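K.L.:
I am attaching a structure below and will ask some questions about it afterwards.
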Amino acid sequence: MWDYTPKEMIERKSLVINPAKTCQPIGAMYAALGIHKCLPHSHGSQGCCSYHRMHLTRHFRDPIMASTSSFTEGASVFGGASNLKSAIKNIFTVYDPDVIAIHTTCLSETIGDDIPTIISQCEIPEGKYVIHANTPSYVGSHITGFSNMVTSMVKYFSKKLGYDNGNVNIIPGFVNPSDMRELKRIMDLMGVKCIMFPDTSGNLDSPLTGKYEMFPKGGTQIPDLIDTGNSMATIALGKFASEAASIELERKCKVPAYTLKMPLGLKATDEFIMLLSKLTGNTIPYELEEERGQLVDIMVDCNHHYHGKTVAIFGDPDIVIALTEFVLSLGMIPKYVLTGTPGEAFESQIKEMLFEAEVDGKVKSYGDLFTLQQWIKNEKVDLIIGNSYGKYLSRAEDIPLVRIGFPILDRPVQTYLPIVGYKGAMRVIEMITNALLDRKDRDDLDQDFELVL
Amino acid sequence: MNYSILEERKKSIIFKNDNAYLDCDKDSIAGSISQRACVYSGARVVLNPITDAYHIIHGPIGCAAYTWDIRGSLSSGSENYRNSFCTDLKEEEIIFGGETKLKNAIQEVVNRFNAKVIFVYSTCIAGIIGDDVKSVCKDAEKKFGIRAIPVNSSGFLGTKSKGYKAACEAILKLMNNKVEKTKEPSVNVIGDFNLAGETWIIKSYLETVGLKVKSTLTGDSNCELIKSAPNAWLNAVQCAGSMTHLAKRMNEIYGIPFVKISFVGIDDTKDSLFKIADFFGDSDILLKTKKLIEIEEIKIKDDIYHFRDKLKGKKAAIYVGGGFKAISLIKQFDELGMKTVLVGTQTGKKEEYEIIKSIAPDDAVILDDANPAELELFLTENSVDVLVGGVKERPLSYKLGIAFCDHNHERKHPLCGFVGAVNFAKEVYESIESPIWRIVKEI
Ligand code: SF4
Ligand code: SF4
Numbered sequence: 001m002w003d004y005t006p007k008e009m010i011e012r013k014s015l016v017i018n019p020a021k022t023c024q025p026i027g028a029m030y031a032a033l034g035i036h037k038c039l040p041h042s043h044g045s046q047g048c049c050s051y052h053r054m055h056l057t058r059h060f061r062d063p064i065m066a067s068t069s070s071f072t073e074g075a076s077v078f079g080g081a082s083n084l085k086s087a088i089k090n091i092f093t094v095y096d097p098d099v100i101a102i103h104t105t106c107l108s109e110t111i112g113d114d115i116p117t118i119i120s121q122c123e124i125p126e127g128k129y130v131i132h133a134n135t136p137s138y139v140g141s142h143i144t145g146f147s148n149m150v151t152s153m154v155k156y157f158s159k160k161l162g163y164d165n166g167n168v169n170i171i172p173g174f175v176n177p178s179d180m181r182e183l184k185r186i187m188d189l190m191g192v193k194c195i196m197f198p199d200t201s202g203n204l205d206s207p208l209t210g211k212y213e214m215f216p217k218g219g220t221q222i223p224d225l226i227d228t229g230n231s232m233a234t235i236a237l238g239k240f241a242s243e244a245a246s247i248e249l250e251r252k253c254k255v256p257a258y259t260l261k262m263p264l265g266l267k268a269t270d271e272f273i274m275l276l277s278k279l280t281g282n283t284i285p286y287e288l289e290e291e292r293g294q295l296v297d298i299m300v301d302c303n304h305h306y307h308g309k310t311v312a313i314f315g316d317p318d319i320v321i322a323l324t325e326f327v328l329s330l331g332m333i334p335k336y337v338l339t340g341t342p343g344e345a346f347e348s349q350i351k352e353m354l355f356e357a358e359v360d361g362k363v364k365s366y367g368d369l370f371t372l373q374q375w376i377k378n379e380k381v382d383l384i385i386g387n388s389y390g391k392y393l394s395r396a397e398d399i400p401l402v403r404i405g406f407p408i409l410d411r412p413v414q415t416y417l418p419i420v421g422y423k424g425a426m427r428v429i430e431m432i433t434n435a436l437l438d439r440k441d442r443d444d445l446d447q448d449f450e451l452v453l
Numbered sequence: 001m002n003y004s005i006l007e008e009r010k011k012s013i014i015f016k017n018d019n020a021y022l023d024c025d026k027d028s029i030a031g032s033i034s035q036r037a038c039v040y041s042g043a044r045v046v047l048n049p050i051t052d053a054y055h056i057i058h059g060p061i062g063c064a065a066y067t068w069d070i071r072g073s074l075s076s077g078s079e080n081y082r083n084s085f086c087t088d089l090k091e092e093e094i095i096f097g098g099e100t101k102l103k104n105a106i107q108e109v110v111n112r113f114n115a116k117v118i119f120v121y122s123t124c125i126a127g128i129i130g131d132d133v134k135s136v137c138k139d140a141e142k143k144f145g146i147r148a149i150p151v152n153s154s155g156f157l158g159t160k161s162k163g164y165k166a167a168c169e170a171i172l173k174l175m176n177n178k179v180e181k182t183k184e185p186s187v188n189v190i191g192d193f194n195l196a197g198e199t200w201i202i203k204s205y206l207e208t209v210g211l212k213v214k215s216t217l218t219g220d221s222n223c224e225l226i227k228s229a230p231n232a233w234l235n236a237v238q239c240a241g242s243m244t245h246l247a248k249r250m251n252e253i254y255g256i257p258f259v260k261i262s263f264v265g266i267d268d269t270k271d272s273l274f275k276i277a278d279f280f281g282d283s284d285i286l287l288k289t290k291k292l293i294e295i296e297e298i299k300i301k302d303d304i305y306h307f308r309d310k311l312k313g314k315k316a317a318i319y320v321g322g323g324f325k326a327i328s329l330i331k332q333f334d335e336l337g338m339k340t341v342l343v344g345t346q347t348g349k350k351e352e353y354e355i356i357k358s359i360a361p362d363d364a365v366i367l368d369d370a371n372p373a374e375l376e377l378f379l380t381e382n383s384v385d386v387l388v389g390g391v392k393e394r395p396l397s398y399k400l401g402i403a404f405c406d407h408n409h410e411r412k413h414p415l416c417g418f419v420g421a422v423n424f425a426k427e428v429y430e431s432i433e434s435p436i437w438r439i440v441k442e443i
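The listed protein sequences derive, respectively, from chains A and B. Its first residue numbered 1, the first sequence is counted upward by one per residue in the numbering used here. Its first residue numbered 1, the second sequence is counted upward by one per residue in the numbering used here.
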């Protein structure tokens, strides 16, 4: 399969083949699912909404609820205002969420529906909220959509009330609920009170109770979202998914904003913990030091397994940047690093890392998997790290794949296990090492096959 | 959860014993959590399995990204259809039009690959900015000497059914005009998408009874075979919802008669085989058909008895895309001694709901375009043992502690024909009997 990809690289201008990104609304939908009792609403035709729900359902293996304006031809010609108005009314009547988080689609963007005006013409029940984000997919990617919805949370909710609540705001980025849980655990250990937004833990990894809750227990509470304006600082994890909201919060409520790399790997986690310590004056507890020590121990124990191995990494920019730094620290060689999301900053950051490590690698933002496969065809790597779509590459080029990122459609449980923090780093090492060793076991000749590796 | 049912929705939910008329085939209400998709998605799922065609999505990235190899249809030849091609429209093109980009994209596909047939899908955006996909395709055909077939599938034009029609029209454009019927009796199997290899099962049955399968549409098909489809004597339509339109049009244009068949469940499989044999009125074919059924039935008899014993009296719920499948499933549950207490579809037609009403057990609830809240309500009220549905219904079912069987894109073993009947019974049984539900009940 996929042996249709030719080796010669010819420039393509008008055609994306096998995308390494998807569209804004799904990111917005995911972010909105991180607010307690929030129903995401897709303002457009049914198709988009259905696809976004389906994709999230497949990744999280949990029911994903979102409503749609159900555009028909009429709405597409005369505007979707009346659809949106009756939608808002119907949603509060039937599903009774606390918040409706509207995101636009390409269609409603193109016909130019003015969402704030439409919202202002609706009667919103006491104590309920309707927020919105513009998420045209002809700009950016699903990461942009995530960032836009998180920024909207700040715009709509955050209020400066003139006191200091002693909290640190955390914007975790487009990561799994497990990662959000892990970040909260770390902050807890650090004795830091935090407001995390969005927070999909408890919503998209909710326990089975035999009852279906349309609005599970999880998610950032509205009073907390409002209170983000009174926190001592905001830490945005990842430039692409999280920075914009932190800057908006700084502008609106003067909460100092810090952008860090996603805390994936040793160095990035150190930086995160150091910043927490600096901001709060709290010392680092032994538990975290112990975890860090264990991680370093593992890195030493395993280093000969992956040292010098070449790897291709693709996926969402914040994850890929952090992963690249991590694998470099493991002594691996990231030969190809690619994201589908457009952004100069991605290329410059990765190039700098590669330069410092004296690695000769290729980097591309707004790339696709066709390009990645062509690179690999020209010079093979030992390992691929990326989402499920990497399985085509993996099979065609006969290279093991470690699944990290979004979406993962063909492997279960990963949304329950973190990749951030020291614990997450241990898991990433386990996945990388085992993928390489499984491969070795498979390929070894009889006389080289050994029990102990 | 205890959500109210919207006033406007009440007419779309009836109980079999009510004398009510079921409201269906209408646009969903704004604000509902509908399980439906769009025109484009309908067109894409039908055309995607054509294994050697190139499918260019003219629109922003999402429409292409979500439908990339999504159908799960298998191929015995080219794997080309598993790639995803998109013009990935940007702001600039939204303002100034995307035709140039599409032209270049086609050129890039032609240059890079040995493309002979390209389907070009217009999505919502292409429709709304008014790109003339048709004329771009026409020009491309002239310029490159290939077939470039526009698929009019802007999402907002309606529901999936409209997309099925658009796909059927696109397929027709691919067919040859010259018709010379094959010498030996031959059939096209249309409306089977080769999920988990189902087309191959149907094909093998027909070949066993002495029929030549001219082409299969669109499961495991290719452009050459589709071209020659008009040479067949008969069209056998498996998925009526998506492909009846094609059958009707082929009847108009080529005079090929069609029969609607269903290989879901033992009874329907037998009926369908006889229906096809009857059409040819050939004693040899009829004899071989009887023989085939006899042999196949013997093969599965013990298994079916075994599962029937275990499943007797259990309650089933059905929520699927089209009405025809729902009908077959009700019968299939009957065969297993199970009772269907809920039947719903996303896009069922009036006639189909009439049949559903006539064959469903007495107190069954029937509903059209249901949202998850309604599904939950009736699933729990009826203490259902197993739900048959698609992607989005699975986690809902599991959260409620109800067993589940996928009868849509996610199925990994064939559910059609005699083997399929056993697989189905086995899956339903295994899902219901999983020890996990005992743990769940203890929660
Ligand atoms: S139209 Fe836009 S929003 Fe909808 S699926 Fe396509 S890319 Fe995404
Ligand atoms: S944009 Fe239109 S065509 Fe694309 S998925 Fe959405 S509704 Fe369907």
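Here a beta-carbon is modelled for each residue, glycine too, at the ideal position from N, C-alpha and C. Keep in mind it's a predicted model, so treat the numbers as computed, not measured.
Do you know offhand how far leucine 387 (chain B)'s Cα is from phenylalanine 404 (chain B)'s?
P.N.:
For leucine 387 (chain B) and phenylalanine 404 (chain B), the distance between alpha carbons rounds to 5 Å.
K.L.:
Just checking: is the beta-carbon of glutamine 294 (chain A) within a distance shorter than 8 Å of some beta-carbon in chain B?
P.N.:
So no, glutamine 294 (chain A) is outside the interface.
K.L.:
Please check the pair isoleucine 419 (chain A) and isoleucine 429 (chain A), which I expect to be a contact at CB under 8 Å, by giving their CB distance rounded to whole angstroms.
P.N.:
That belief does not hold up - the Cβ atoms of isoleucine 419 (chain A) and isoleucine 429 (chain A) are roughly 11 Å apart, past 8 Å.
K.L.:
Under a criterion of Cβ closer than 5 Å to any non-hydrogen atom of ligand 1, which residues qualify, in chain order?
P.N.:
Working through the chain, the matches are A:Cys23, A:Pro25, A:Cys48, A:Thr105, A:Cys106, A:Ser137, B:Pro60, B:Gly62, B:Cys63.
K.L.:
In or out: asparagine 2 (chain B) buried (at least 16 other Cβ within 10 Å) or exposed?
P.N.:
Below a pLDDT of 50, predicted positions are generally treated as unreliable, and asparagine 2 (chain B), at 46, falls in that range; the measurement from the model is reported next regardless. Exposed is the call here.
K.L.:
Taking the alpha helix (DSSP H) that lysine 362 (chain A) belongs to, which residues open and close that run?
P.N.:
Premise fails: lysine 362 (chain A) lies in the beta strand (DSSP E), 362 to 364, not in any alpha helix (DSSP H).
K.L.:
Since glycine 202 (chain A) contacts lysine 217 (chain A) with CB under 8 Å, what's their CB separation in whole angstroms?
P.N.:
Going by Cβ atoms, the distance from glycine 202 (chain A) to lysine 217 (chain A) rounds to 5 Å, so yes, they are a contact pair.
K.L.:
Just tell me which of B:Tyr54, B:Val133, B:Gly158 has its CA closest to the CA of glutamine 46 (chain A).
P.N.:
Of the listed residues, the one whose Cα sits closest to glutamine 46 (chain A) is B:Gly158.
K.L.:
Who are the Cβ neighbours of aspartate 164 (chain A) in its own chain at under 7 Å, not counting the five residues just before and after it?
P.N.:
Only Asn230, Met232 meet the Cβ criterion.
K.L.:
Select from B:Asn382, B:Glu410, B:Gly62, B:Ile327 the residue whose C-alpha is nearest the C-alpha of tyrosine 138 (chain A).
P.N.:
Of the listed residues, the one whose Cα sits closest to tyrosine 138 (chain A) is B:Gly62.
K.L.:
Can you check whether the CB of glycine 27 (chain A) is closer than 8 Å to the CB of phenylalanine 197 (chain A)?
P.N.:
No, these two residues do not count as a Cβ contact at 8 Å.
K.L.:
Just checking: is the beta-carbon of alanine 277 (chain B) within a distance shorter than 8 Å of some beta-carbon in chain A?
P.N.:
No - not a single Cβ of chain A is within 8 Å of the one on alanine 277 (chain B).
K.L.:
Can you list, in chain order, the residues of its chain whose CB lies under 6 Å from that of lysine 134 (chain B), leaving out five sequence neighbours each side?
P.N.:
Here the set comprises Pro150.
K.L.:
Glycine 42 (chain B) and cysteine 124 (chain B) - do their beta-carbons sit closer together than 8 Å?
P.N.:
Not a contact, by the Cβ cut-off of 8 Å.
K.L.:
Hey, which unbroken runs of the alpha helix (DSSP H) at 4 residues or more fall wholly within the stretch 419 to 448 of chain A?
P.N.:
Correct list: 421 to 443.
K.L.:
On a CA-only basis, which of A:Lys380, A:Ser141, A:Lys362, A:Ile319 is nearest asparagine 455 (chain A)? Give me that one, please.
P.N.:
Outside the displayed span of chain A (1 to 453) sits residue 455 (chain A), for which this structure offers no information.
K.L.:
Three or more beta-carbon pairs under 8 Å between the stretch 125 to 145 of chain B and the stretch 193 to 206 of chain B, yes or no?
P.N.:
Counting Cβ pairs under 8 Å, fewer than three are found: no touch.
K.L.:
Which residues bound the alpha helix (DSSP H) around aspartate 270 (chain A)?
P.N.:
Where aspartate 270 (chain A) is concerned, the enclosing alpha helix (DSSP H) stretches over 266 to 280.
K.L.:
I want to know whether the stretch 287 to 306 of chain A touches the stretch 349 to 363 of chain A - three or more CB-CB distances under 8 Å.
P.N.:
Contact fails: fewer than three Cβ-Cβ distances are below 8 Å.
K.L.:
Run the CB neighbour count on glycine 457 (chain B), radius 10 Å, all protein chains shown included, and call it buried at 16 or more, exposed below.
P.N.:
Outside the shown range of chain B (1 to 443) lies residue 457 (chain B), about which nothing can therefore be said.
K.L.:
Anything in the stretch 10 to 43 of chain B with a Cβ closer than 8 Å to a Cβ of chain A? List those residues in chain order, please.
P.N.:
Hits within the stretch, in order: Asp27, Ser28, Ile29, Ala30, Gly31, Ser32, Ile33, Ser34, Gln35, Arg36, Ala37, Cys38, Val39, Tyr40, Ser41.
K.L.:
Taking isoleucine 50 (chain B) as the query, report the chain A residues whose CB atoms sit under 9 Å from its CB, ordered along the chain.
P.N.:
Those do not exist, as isoleucine 50 (chain B) stays about 15 Å from chain A at its closest Cβ, beyond 9 Å.
K.L.:
Report the rounded CA-to-CA distance for tyrosine 164 (chain B) versus methionine 243 (chain B), giving the unit in angstroms.
P.N.:
So the alpha carbons of these two residues sit roughly 7 Å apart.
K.L.:
Go ahead and pull the three-state DSSP assignment for leucine 195 (chain B).
P.N.:
The answer is strand: DSSP assigns leucine 195 (chain B) an E or B state.
K.L.:
Going residue by residue through the stretch 125 to 158 of chain A, where are the continuous alpha helix (DSSP H) segments of at least 4 residues, counting only ones entirely within it?
P.N.:
The qualifying runs are 142 to 157.
K.L.:
Step through the CB atoms of chain B and report whether any lies within less than 8 Å of the CB of methionine 149 (chain A).
P.N.:
Not one chain B Cβ lies under 8 Å of methionine 149 (chain A).
K.L.:
Taking only three categories from DSSP, how would you classify asparagine 2 (chain B)?
P.N.:
The predicted model places asparagine 2 (chain B) with a pLDDT of 46, which falls under 50 and marks its position as unreliable, so this point remains unresolved.
K.L.:
For threonine 72 (chain A), does the three-state DSSP call read helix, strand or coil?
P.N.:
In this structure, threonine 72 (chain A) counts as coil in the three-state DSSP scheme.
K.L.:
Using CA atoms only, rank isn't needed, just tell me which of A:Gly238, A:Ala268, A:Lys267 is closest to alanine 257 (chain A).
P.N.:
Checked all of A:Gly238, A:Ala268, A:Lys267; the closest Cα to alanine 257 (chain A) is A:Gly238.
K.L.:
Report the three-state DSSP secondary structure of leucine 204 (chain A) (helix, strand or coil).
P.N.:
DSSP places leucine 204 (chain A) in coil when its eight states are reduced to three.
K.L.:
Taking a cut of 7 Å between CB atoms, which residues from the stretch 328 to 358 of chain A lie near chain B?
P.N.:
Going along the stretch 328 to 358 of chain A in chain order, one finds no residue with a Cβ nearer than 7 Å to chain B.
K.L.:
Comparing the C-beta of valine 109 (chain B) with each C-beta of chain A, is any distance below 8 Å?
P.N.:
Closer than 8 Å to some Cβ of chain A, the Cβ of valine 109 (chain B) qualifies, so yes.
K.L.:
Let me know the alpha helix (DSSP H) ranges lying completely inside the stretch 58 to 107 of chain A, each 4 residues or longer, listed in chain order.
P.N.:
List check, alpha helix (DSSP H) in window: 73 to 78, 81 to 94.
K.L.:
Spell out whether any CB of chain A is found under 8 Å from the CB atom of methionine 1 (chain B).
P.N.:
Residue placement at methionine 1 (chain B) cannot be trusted, given a pLDDT of 41 that sits under 50; the coordinates are not used to answer.
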